[in-house]
Amino acid sequence: FSFFQERLRYVLGLLLLLHSTNSFYVPGVAPINFHRNDPVEIKAVKLTSSRTQLPYEYYSLPFCQPSKITYKAENLGEVLRGDRIVNTPFQVSMNVEKKCEVLCNFPNKPVTLTVEQSKLIAERIREDYYVHLIADNLPVATRLEFYSNREEEEKKKEKDVQFEHGYRLGFMDGNKFYLHNHLSFILYYHREDVEESQEHTYRVVRFEVIPQSIKLEDLKADEKSMCTLPEATGSAPQEIDPTKENQLLFTYSVHWEESDIKWASRWDTYLTMSDVQIHWFSIINSVVVVFFLSGILSMIIIRTLRKDIANYNKEDDIEDTMEESGWKLVHGDVFRPPQYPMILSSLLGSGIQLFCMILIVIFVAMLGMLSPSSRGALMTTACFLFMFMGVFGGFFAGRLYRTLKGHRWKKGAFCTATLYPGVVFGICFVLNCFIWGKHSSGAVPFPTMVALLCMWFGISLPLVYLGYYFGFRKQPYDNPVRTNQIPRQIPEQRWYMNKFVGILMAGILPFGAMFIELFFIFSAIWENQFYYLFGFLFLVFIILVVSCSQISIVMVYFQLCAEDYRWWWRTFLVSGGSAFYVLIYAVFYFVNKLDIVEFIPSLLYFGYTALMVLSFWLLTGTIGFYAAYMFVRKIYAAVKID
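Numbered per mature numbering (1 follows the signal peptide of the UniProt record, and there is no 0), the sequence shown spans residues -23 to -1, 1 to 619.
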């Protein structure tokens, strides 16, 4: 028992280590020091809604504009995410308070919204849009305070605080629309230690906003662009009537507070939005279940195999061997090349490419190098890595194609480089056309699309050809038994040996090990949350690889015992069975968790889900296939065959 405790302590220690890697700060991002009165620039990122899944750029709505609009140069990941970072007219200076100031350039002249603009704002409020701003690269958050379900006495003392990304554009009351036209910014700074003679330097460590809706008549503005806020109780909100012109003032106030938070941990507020305990329980649960099942499966397989091999290798009892059944019988057919070897090797090549990309991305992110503060870094890294991993994909595909007696290596290489990426590009292009039609900033601009095509045909394709060439020239995999001239007849199979039953059975274990993490990943993608628990994700990925390999080995063993030697394609399909459960989970998530009603957002959701499921199937299918192939070669090498 003490040994078990020791092991558990070791696993928990490892998990803590992985978890603590999340708070490392990103190498290469330097803090900005401000002196008092230095301008702190506030920029806008985009408008988002989990109901429509269509991001829009900030100035797609009639907000106050600065005299000159400048967009920040963006990396590939930011463009693909729909970020369009742009300057705003907010004038904020370090540690300088502002009671209330009118935003637009006319001191006390209200902004008039046309009927069209009013309609658009009302529509965006109905669709539940959030506005995302950044100050010193920190995203704005709205503080939500609520009482937890504690005892009555404790209720008075303690409130739970959570933060929401961005701030709501407005709210609805019945059929009326109200716009948040006054923003109270609360910025927290950390005073840096300096020598006595030097001036104090400050760093921004948190950026909050309290949005308010205040009627034009209640905001008293003077000639100097100053305004006075009404008493909280007596003010009416600013209504936006979509049927007529509306007049309003855009105003803001700035309040600074000192904070103990160090610059290096300033992102913690944003990242601890969800309950981390769930991850602990799910990971420990998955680890225990997977290792328990691994132990059982390994024992069964190894004991049964030992018995099989011992029986098959007994030479004295020849009559028994004449009537033998089981996997030894199909030794002359087990390595018979399958139908469509080129397509199989191409899909497996893409699977290897995905596997290498995902492994490196998760590992690098776990070390804290792709934190949310470097926007779009994750997406950019993933794209480039997929291109460069083409050389490994090509190598494995070429070698397998040669083993399967293929001859047309050039066609095989072209197929590997274009089959999976072509499907992905096709689906994304169709979805992009719909997003373009909606004028959303989520649409990939034409130059970016051309750049991606150039990367595909300029980097990925040549690398796949290179890898394929070397893989095809290399010695094919060594199969331990010769293949007969005439194929064996396959006996009639039982109902439970059906492909679809296999897919359903094989998918449960890998999916069960990772579905909690899947929930958090879905929330990150569809509900604009940050996902940062890459330490956990790395562990889940390892559990997934282990469980896929084991299930695949068990399934191929049962299949060969039933004297069915057509295992190549079947293992690839069955090992990817968890992708089927991911699809079902995605439908469940859509129905229960998302509030999407319109056609185009639904199309986007299911389009991107189809891509995720396809990629996941390729990944798990490839892991299972290689595990099963190694297993089959091992067991046939262990029996004596005349």
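Glycine is no exception: its CB is placed at the ideal position from the N, C-alpha and C atoms.
Less than 6 Å between C-beta atoms, sequence neighbours within five positions excluded: which residues of the same chain meet that for I467?
Here residue 467 is taken as the residue at index 490 of the sequence shown, counted from 1. Once the five neighbours on either side are set aside, the close Cβ partners of I467 are D541.
Would you report the Cα separation of V407 and L225, rounded to the nearest angstrom?
What you label residue 407 is simply residue 430 of the sequence shown in a count that begins at 1. What you label residue 225 is simply residue 248 of the sequence shown in a count that begins at 1. The alpha-carbon atoms of V407 and L225 are separated by roughly 40 Å.
Can you give me the C-alpha to C-alpha distance between V458 and V478, rounded to a whole angstrom?
Sequence index remark: in the sequence shown, residue 458 carries index 481 (1-based). Sequence index remark: in the sequence shown, residue 478 carries index 501 (1-based). If you take the alpha carbons of V458 and V478, they lie about 30 Å apart.
Residue from Q527, Y582, V551 with nearest C-alpha to I412
Indexing the sequence shown from 1 puts residue 412 at position 435. Comparing alpha-carbon positions, the option among Q527, Y582, V551 lying closest to I412 turns out to be Y582.
For L516 and Y247, the rounded distance between their alpha carbons
Working through the sequence shown from its first residue, we reach residue 247 at position 270. Working through the sequence shown from its first residue, we reach residue 516 at position 539. Cα to Cα, Y247 sits roughly 23 Å from L516.
Since I believe S95 is in contact with P188 (beta carbons under 8 Å), could you give me their beta-carbon distance rounded to a whole number of angstroms?
Position 211 of the sequence shown, counting from 1, holds the residue named residue 188. Position 118 of the sequence shown, counting from 1, holds the residue named residue 95. About 19 Å separates the beta carbon of P188 from that of S95, a gap too long to meet the 8 Å contact definition.
Closest to residue 621 by C-alpha separation, out of L324, F162, K611, Y585, would be which residue?
Nothing about residue 621 can be read from this structure; the chain reaches only from -23 to 619.
What three-state label does DSSP hand H308 in the structure shown?
Taking the sequence shown and counting its residues from 1, one reaches residue 308 at position 331. Looking at H308 - three-state DSSP - the assignment turns out to be helix.
Quick one: give me the first and last residue of the beta strand (DSSP E) that S230 is part of.
Translated into positions along the sequence shown, residue 230 becomes position 253. Per DSSP, the continuous beta strand (DSSP E) segment holding S230 begins and ends at 228 to 235.
My understanding is that H142 touches A118, with C-beta atoms under 8 Å, so please give their C-beta distance in whole angstroms.
Locating residue 142 in the sequence shown gives position 165, counting from the first residue. Locating residue 118 in the sequence shown gives position 141, counting from the first residue. Yes, H142 and A118 are in contact; Cβ-Cβ is about 6 Å, under 8 Å.
In chain order, what residues of the same chain have a beta carbon less than 6 Å from the beta carbon of L560, not counting five sequence neighbours either side?
On the sequence shown, position 583 is the one that residue 560 refers to. Around L560: V590.
Tell me where the alpha helix (DSSP H) around C392 begins and ends.
Residue 392 sits at position 415 when you count from the first residue of the sequence shown. Residues 386 to 414.
Between the stretch 343 to 357 and the stretch 565 to 574, are three or more C-beta pairs nearer than 8 Å?
No contact exists between the stretch 343 to 357 and the stretch 565 to 574.
Is the distance from the Cβ of V609 to the Cβ of I286 below 8 Å?
Counting from 1 along the sequence shown, the entry for residue 609 is found at position 632. Counting from 1 along the sequence shown, the entry for residue 286 is found at position 309. For V609 and I286, no; Cβs fall outside 8 Å.
What residues in its chain sit with their C-beta under 8 Å from that of S579, if we drop five residues either side in the sequence?
Against the sequence shown, residue 579 aligns to sequence position 602. So the list reads F567, I573, once near-sequence residues are dropped.
Specify, as a first and last residue, the run of the beta strand (DSSP E) that residue 621 falls within.
Here the chain comprises residues numbered -23 to 619, so residue 621 is not present and cannot be evaluated.
Scan the stretch 531 to 618 and note each continuous beta strand (DSSP E) run of 3 residues or more that stays entirely inside, going in chain order.
Runs of the beta strand (DSSP E) inside the stretch 531 to 618: none found.
Can you give me the start and stop residues for the beta strand (DSSP E) that A21 sits inside?
Locating residue 21 in the sequence shown gives position 44, where the first residue counts as 1. Start and end: 19 to 25.
To which residues of the same chain is T25 closer than 6 Å at the C-beta, ignoring the five residues directly before and after it?
Here residue 25 corresponds to residue number 48 of the sequence shown, with the count starting at 1. Correct list, in chain order: P32, Y107, N505.
Can you list, in chain order, the residues of its chain with a C-beta nearer than 6 Å to that of P425? Leave out the 5 residues immediately preceding and following it.
Translated into the one-based positions of the sequence shown, residue 425 becomes position 448. The sequence shown places Thr at residue 425, rather than the Pro named in the question. These residues qualify, in order along the chain: V56.
Could you give the uninterrupted runs of the alpha helix (DSSP H) lying entirely in the stretch 31 to 79, keeping only those of 4 residues or more?
Qualifying alpha helix (DSSP H) stretches, in chain order: 53 to 58.
Using the three-state DSSP reduction, which class does Y454 fall into: helix, strand or coil?
Position 477 of the sequence shown, counted from the first residue, corresponds to residue 454. DSSP places Y454 in coil when its eight states are reduced to three.
Is the separation between the beta-carbon of V338 and that of R465 shorter than 8 Å?
Here residue 338 is taken as the residue at index 361 of the sequence shown, counted from 1. Here residue 465 is taken as the residue at index 488 of the sequence shown, counted from 1. The Cβ atoms of V338 and R465 do not sit closer than 8 Å to each other.
Output the distance between the C-alpha atoms of G309 and T460, rounded to the nearest integer angstrom.
Taking the sequence shown and counting its residues from 1, the one referred to as residue 309 is at position 332. Taking the sequence shown and counting its residues from 1, the one referred to as residue 460 is at position 483. As the crow flies, the alpha-carbon of G309 is around 5 Å from that of T460.
Sequence-distant residues of the same chain with beta carbon closer than 8 Å to E51, five excluded per side:
Sequence index remark: in the sequence shown, residue 51 carries index 74 (1-based). Within the same chain, Cβ atoms closer than 8 Å to the Cβ of E51 are found at D60, R61, I62, G353, the five residues on either side in sequence being excluded.
Cβ pair count under 8 Å reaching 3, the stretch 6 to 23 against the stretch 97 to 104:
Remark: fewer than three beta-carbon pairs, one from each stretch, lie closer than 8 Å, so the stretch 6 to 23 and the stretch 97 to 104 are not flagged as touching.
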